[in-house]
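Each number in our numbering comes from the position in the sequence shown (counting from 1) with 2 added on. Glycine residues also receive a C-beta, built at the ideal position from the N, C-alpha and C atoms. Note that the structure is predicted; figures quoted are calculated from it, not measured. Have a look at the structure below, then the notes.
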Amino acid sequence: MGRGETTRVGGYRFSSISVLANTLTLSTFKMVAEAPFRPREQLLEKQRLFQSIHKHTHLKSPMDKLTSVAIPVALAGSCLFLIGRGIYNMSHGIGKKE
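Written out as structure tokens, the structure reads:
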């Protein structure tokens with residue numbers, strides 16, 4: 003690779019690359035414009051939403067109700083049911099080995 007050539011690595015464009023003693027020196031690099039993942043309007047709308055709420059960031063999304071409320075309630079309910087069934091079975095001698 004000679005001097006003055008342009009090379010792309012990832013999202014960067016490098017010019018004037020010199021390799022000396024297994025050392026890669028990158029100079030004068032510019033970021034190549036890439037398409038955003040979402041339109042700017044949606045990003046600004048989400049940003050306004052998150053900045054306007056006075057809760058912690060991890061409690062803001064509507065999908066967080068599933069992970070922070072429904073799943074723990076289901077786990078607690080099933081645990082209480084299994085504990086209650088075990089106490090009932092022990093008190094009535096059900097499942098006792100003889």
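Only counting the same chain, and skipping five residues up and downstream in sequence, which positions put a Cβ closer than 8 Å to that of residue 96?
90.
Hey, how far is the Cα of residue 67 from the Cα of residue 49?
Cα-Cα distance, rounded: 20 Å.
Which value, in whole angstroms, describes the spacing of the CA atoms of residue 25 and residue 35?
Note on residue 25: pLDDT 47, under 50, position unreliable in the model; the coordinate value appears next. The alpha-carbon atoms of residue 25 and residue 35 are separated by roughly 28 Å.
In the structure shown, what three-state DSSP assignment does residue 74 receive?
helix
Quick one: Cα of residue 64 to Cα of residue 40, how far?
19 Å
Which two residues bound the contiguous alpha helix (DSSP H) that contains residue 2?
Nothing about residue 2 can be reported from this structure: the residues present for the chain run from 3 to 100 only.
Assign residue 63 to one of three DSSP states: helix, strand, or coil.
Of the three classes helix, strand and coil, the one that applies to residue 63 here is coil, per DSSP.
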